[in-house]
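Protein chains in written order, with the numbering used here: chain L, 1 to 264; chain B, 1001 to 1264; chain C, 2001 to 2264.
Note that the Cβ used here is the ideal one computed from N, Cα and C, for glycine as well.
Owing to the predicted nature of the structure, the values given are computational and were not obtained by experimental measurement.
Structural data, given as structure tokens:
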């Protein structure tokens, strides 16, 4: 038997908005430690990882590990029915092929329950080893989102270059070139406005803007984003979920066949 | 000669928004007592009734009963030109085939007049007898609107069930089932937030969500909606227009050929 | 060498929004006195003129007159990347076929530079002599914009008639006729709310609403618009740019072949 009660139900809506553009069908895995998901995007290029730790739920009961396959667009239709202040409870009986969602308004005057069919989804869980990164950039998530959106109106790929002074985002397209530099900046009024660079060695990597733009759908979950770069590894774009976990996106850099095309 | 002056002109804009989705062409009937309309929707399934009593107008002159046939989309185009604070005057000469709309800004600096052609529209006026209903639900109009919209992303019809404790809205579709319960609740800070149930006997009826969603276009006219249900009669969904009248919608319940399909 | 630094960068975004609907490609002309543009709209009916005087820039260096041909949609894509509070610098080397745009955030934490290719555009500069107009109307730009938009849902052309008492905008279409009168009004709380009419002789002229609606895209540049009318000249619709210059639109009146069609 599974029963998870989340007081801040809007968080689940934001989580779904953060992943449903990339992934159509996925298994949500529940264990004693938390509620998680790992899935490749539908073109098998990017990987999404979600963790909501059990401590973040008001009530968390998971008698044994279960994996619930869901169509994320259908789940989004149900979650759209939840008010932003609603308390959400997720329930499933052992062996059942359905999951029940319950939404309670804060005043308890309105209670909705939804039963959704589960799916069988083949999936393999990739182990992602802890790794050393050449550079880790922490910056305001709205700023990162704005830069990715702006540059995608000029080019298709972005070269991200990190030095001690700052991080540079560059693109090139038919109409011209663009470079946006965000300087390291730790002396700000609000800590979430800081741009902080931890660097072991300079790194320059190119990524498809299309995927980065999908990743920025997670911005409502966190004021800051952390971008971990290494020339031998996929980039990790992480949005922390306060006191509960994270959404992480992994994307392999593009190999530069033609320097001219991608290096502005 | 007809001359009606309405200080709160935005009310006429809202009335038109409430009916133009359902009805294309209709007769507005003016008499000494008020300005009214009764029309079937274009698929002849739902009936709309409007009444604006003469007392609600700043000036109301109607020398003899007249019926003015209008295309509601065209009328909406004219009314779109009125500012929200404008005073609206409707004028027609006896026997004229046009109607004049005049919009005055509150400061009288801007005055607009519009002449619109009238149409001949066949229509029969249905007498709607006063009836006893099994149950009458009064609830916030925004809540009713939200529930109809939410459920229509899951199913096509809604089963409305009223008991002493509350009103339940249920639907069923390919992706699953949904039930939303609003509990009777009279102890609220603002009277318009109350959900009040007057019940003679329990009632459960099924309706097409498409029509209910059209009815909720009247929500800007009133904070509350009244839903009158009886197993032998069409449902009446009423939005009161403060101190002037109402917009009422009538819709026959769906006959349940297959319990499984419509009763979640 | 050209280097222009504009502290209020959002102004350049508004200027582009004001002209890019009418003009695809145009030459920006820089001289010691200012930054200007003159272009016909793509259907060669309306003329746009822009002037930003050198005094309005924080820094203005223009060693010799140059003319920079740009695709305005591409320029708009670059300017969309500028924040509303950014400082914008435009740079070009003599003889270069590119122009550089630099956007600095107010805190200097984010600096973006863009290189855009220039184009060769044939253009002839029309000399527009100072002229006497029959009537000059100054009115709130939002009001003019609203009237043009409202009337275009009813007809295609507008007859603008000026008398000492006010200015009347009339149209006629399949669904009826419309007249909007704005009265002269100088006793307002805020001077930009005034409607002021300077008239030598009454004038009535008809214009295509499609072009007037394009002109009103300049409304964010100024709270007031000035409309100069003469029966022998194109109308001039002018939006002043505070302390820097203006955007002006010129449009020839329509010749009335059939009074019935255009004179409501």
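Proximal chain C residues relative to residue i, where beta-carbon distance stays under 7 Å
| i | result |
| --- | --- |
| residue 1116/B | 2175, 2176 |
| residue 180/L | 2110, 2112 |
Residues bridged to residue i (per DSSP)
| i | result |
| --- | --- |
| residue 2057/C | DSSP lists no partner for residue 2057/C. |
| residue 224/L | 140/L |
| residue 2070/C | 2026/C |
| residue 1088/B | 1006/B, 1103/B |
| residue 179/L | 170/L, 2113/C |
| residue 1196/B | 1138/B |
| residue 1038/B | 1049/B |
| residue 208/L | 157/L |
| residue 2185/C | 2195/C |
| residue 2267/C | Because chain C is modelled from 2001 through 2264, residue 2267/C falls outside the range shown and cannot be assessed. |
| residue 1162/B | 1167/B, 1203/B |
| residue 2062/C | 2002/C |
| residue 98/L | 117/L |
Chain L residues whose Cβ lies nearer than 8 Å to that of residue i
| i | result |
| --- | --- |
| residue 1183/B | 108, 109, 110, 111 |
CA-to-CA distance, residue j to residue i, given in whole angstroms
| i | j | result |
| --- | --- | --- |
| residue 1123/B | residue 2227/C | 48 Å |
| residue 1237/B | residue 1248/B | 6 Å |
| residue 1016/B | residue 1072/B | 7 Å |
| residue 1133/B | residue 1159/B | 17 Å |
| residue 1217/B | residue 2202/C | 46 Å |
| residue 153/L | residue 251/L | 21 Å |
| residue 2156/C | residue 2141/C | 20 Å |
| residue 1117/B | residue 2163/C | 29 Å |
| residue 79/L | residue 1147/B | 13 Å |
| residue 45/L | residue 36/L | 20 Å |
| residue 1062/B | residue 1069/B | 16 Å |
| residue 264/L | residue 2101/C | Note that residue 264/L has pLDDT 43, beneath the 50 cutoff, so the model's placement of it is unreliable and the number below is only indicative. Rounded to whole angstroms, residue 264/L to residue 2101/C spans 15 Å at the Cα level. |
| residue 1197/B | residue 1165/B | 8 Å |
| residue 2019/C | residue 27/L | 51 Å |
| residue 2231/C | residue 2181/C | 20 Å |
| residue 1024/B | residue 1095/B | 23 Å |
| residue 110/L | residue 1150/B | 14 Å |
| residue 105/L | residue 2144/C | 46 Å |
| residue 1254/B | residue 1206/B | 5 Å |
| residue 1204/B | residue 1119/B | 41 Å |
| residue 1215/B | residue 1186/B | 25 Å |
| residue 1192/B | residue 1241/B | 14 Å |
| residue 1161/B | residue 219/L | 41 Å |
| residue 2030/C | residue 2093/C | 13 Å |
| residue 83/L | residue 91/L | 19 Å |
| residue 2239/C | residue 2213/C | 14 Å |
| residue 189/L | residue 225/L | 18 Å |
Listed by chain order, chain C residues near residue i by CB distance under 9 Å
| i | result |
| --- | --- |
| residue 195/L | 2109, 2110 |
Within 9 Å, strictly: CB atoms of residue i and residue j
| i | j | result |
| --- | --- | --- |
| residue 1087/B | residue 1006/B | yes |
| residue 55/L | residue 244/L | yes |
| residue 2038/C | residue 2052/C | no |
| residue 81/L | residue 112/L | yes |
| residue 2138/C | residue 1108/B | no |
| residue 47/L | residue 126/L | yes |
| residue 1085/B | residue 1176/B | no |
| residue 2211/C | residue 2041/C | yes |
| residue 115/L | residue 98/L | yes |
| residue 22/L | residue 221/L | no |
| residue 2136/C | residue 2229/C | yes |
| residue 1004/B | residue 1059/B | yes |
| residue 235/L | residue 195/L | no |
Chain-ordered neighbours of residue i on chain L, where CB pairs are closer than 7 Å
| i | result |
| --- | --- |
| residue 1247/B | Chain L residues near residue 1247/B: none, gap ~25 Å exceeds 7 Å. |
| residue 1235/B | Correct list: empty, because the minimum Cβ distance to chain L is about 20 Å. |
| residue 1137/B | Within 7 Å Cβ-Cβ: nothing; residue 1137/B doesn't reach chain L, min ~13 Å. |
Min CB distance residue i to chain A below 9 Å
| i | result |
| --- | --- |
| residue 78/L | In the displayed structure, chain A is absent; the protein chains listed are L, B and C. |
Any non-hydrogen atom of the ligand NAD within 8 Å of residue i CB
| i | result |
| --- | --- |
| residue 2030/C | For the ligand NAD, the structure offers nothing, since it holds no ligand at all. |
Listed in chain order, which residues of the region 80-109 of chain L have Cβ atoms closer than 7 Å to some Cβ of chain B?
-> 80, 81, 109: these are the residues of the region 80-109 of chain L whose beta carbon lies less than 7 Å from some beta carbon of chain B, given in chain order.
Near-chain C residues of the region 1059-1076 of chain B (beta-carbon distance less than 8 Å), N- to C-terminal order | Contacts with chain C (Cβ-Cβ distance below 8 Å) from the region 1059-1076 of chain B involve 1071, 1074, listed in chain order.
Taking a cut of 7 Å between CB atoms, which residues from the region 2005-2019 of chain C lie near chain B?
-> Within the region 2005-2019 of chain C, no residue places its CB atom closer than 7 Å to a CB of chain B.
The region 2149-2168 of chain C: positions lying closer than 8 Å to chain B by Cβ | Listed by position, the residues of the region 2149-2168 of chain C near chain B (Cβ gap below 8 Å) are 2150, 2151, 2153, 2154.
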